[in-house]
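If you're matching positions, the sequence shown starts at 0 in the working numbering and goes up one per residue. Notes follow the structure.
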Amino acid sequence: MRRFLAVFMMLVMLFPVFSAEPEERELDPKGWWAALWDGAQITYDLYGRSVLMGDDLNFGGGLSIGVETPSFIFSAYGQGDYFLFPLGTKGTAAALEFDIEAGITLGWKFLKFWAFDTYVACDIGYYMQFVQTHYQPDGYTMGFNGIMLRPKLMTELNIGKWYGISVGVFYQFPLYPAYERYKGVGIMVSIL
C-alpha cells in the first residue's frame, strides 16, 4: 500500500509538468550570435596592479581595449610589472627584473546593482621576463616566458557613459611552463 501511495503521489506531482502546453517563443530572426552583440560598446581601461608572490611584491600597470555587451566583456590587454626584489633577492642575483605581457580577457557580468557591475573574468596572456644581471649591466636577458592565466573578480562603478572606476582581485599562475615564482594573489585598480 505504501508503494502504491508513493507512486500515486509522484504521478500527481509530475502531472502538471507533462500536461502544461509548451510556451510559444518567438525566435530571434537575427540569430543568437547577432543577439549577443546587441547593446555592445567599446570599452577601455588604464589600470595599476600589484601582486604578492611569496615575500616578493611587484608593481605594474597596463591598458586594455575591447567590447562590452550587457552580459560579457571581451578585450585585449598589454601590461608590465616591475619587481622590487629581482629574482627574489635584494639585488644579489640580478640588478633589475621586469616582465611584459599581452593577451585577452574574457569576462561574464553576473551581478548588476545600481551603478555597479561585477564580473568574473580570466586573462589569458603570453608573458616574458627580462633580467639585467651584474655581469651584463648594459643588456637584458629574457628569462622565463610562457602562458599566464589570471582568474579575477572585478567590481566596476559606472560614473558616466565613458567613465568608470573598478577594483578587482585575482590569482595569477603561469600555465606553461610552470614557474612557481610568478604565482600569486594580486589587486588591481582601474582609473579609466
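Every residue, glycine too, gets a C-beta built ideally from N, C-alpha and C.
| query | result |
| --- | --- |
| Proximal residues to F143 (C-beta, below 6 Å), its chain only, five neighbours per side dropped | Q128 and Y178 |
| Where L156 falls: helix, strand or coil (DSSP) | strand |
| Residue of I64, P85 and T42 minimising C-alpha distance to Y181 | P85 |
| Local Cβ density within 10 Å of V130, reported as buried at 16 or more and exposed below that | buried |
| Residues of its chain near L105, where Cβ-Cβ distance is below 7 Å and the 5 sequence neighbours each way are ignored | F73, A120 and C121 |
| Under 8 Å between C-beta atoms of L51 and G183 | yes |
| Same chain only: Cβ atoms within 6 Å of M187, ignoring 5 sequence neighbours per side | Y46, R48 and G167 |
| Distance CB(S63)-CB(Y43) smaller than 8 Å | yes |
| Pairwise C-alpha distance: G38 and D54 | 44 Å |
| Same chain, Cβ closer than 6 Å to E155, neighbours up to 5 away in sequence not counted | D116, G163 and S165 |
| Three-way DSSP call (helix, strand, coil) for Y134 in this model | coil |
| Presumed contact (8 Å Cβ cut-off) between V66 and I103, rounded CB distance | Incorrect: roughly 11 Å between the Cβ atoms, too far for contact. |
| Ranges of the beta strand (DSSP E) found wholly within the segment 29–67, counting only runs of at least 3 | 40–52 and 55–67 |
| Which residues DSSP lists as bridging F112, in chain order | F115 |
| Proximity to G61 [Cα-Cα], best of G30, T140, I99 and P150 | I99 |
| Segment limits, beta strand (DSSP E) that includes A75 | F71 to F82 |
| Selected residue, minimal CA-CA separation from A101, among G59, Y126 and W113 | Y126 |
| Of the residues A114, R149, M153 and G159, the one placed nearest F174, counting alpha carbons only | The amino acid occupying residue 174 in the given sequence is Leu; Phe does not appear at that position. Considering only alpha carbons, the answer is R149. |
| Assumed close pair L83, L56 - CB separation to whole angstroms, cut-off 8 Å | 6 Å |
| Residues that E96 bridges to, as DSSP identifies them | V130 |
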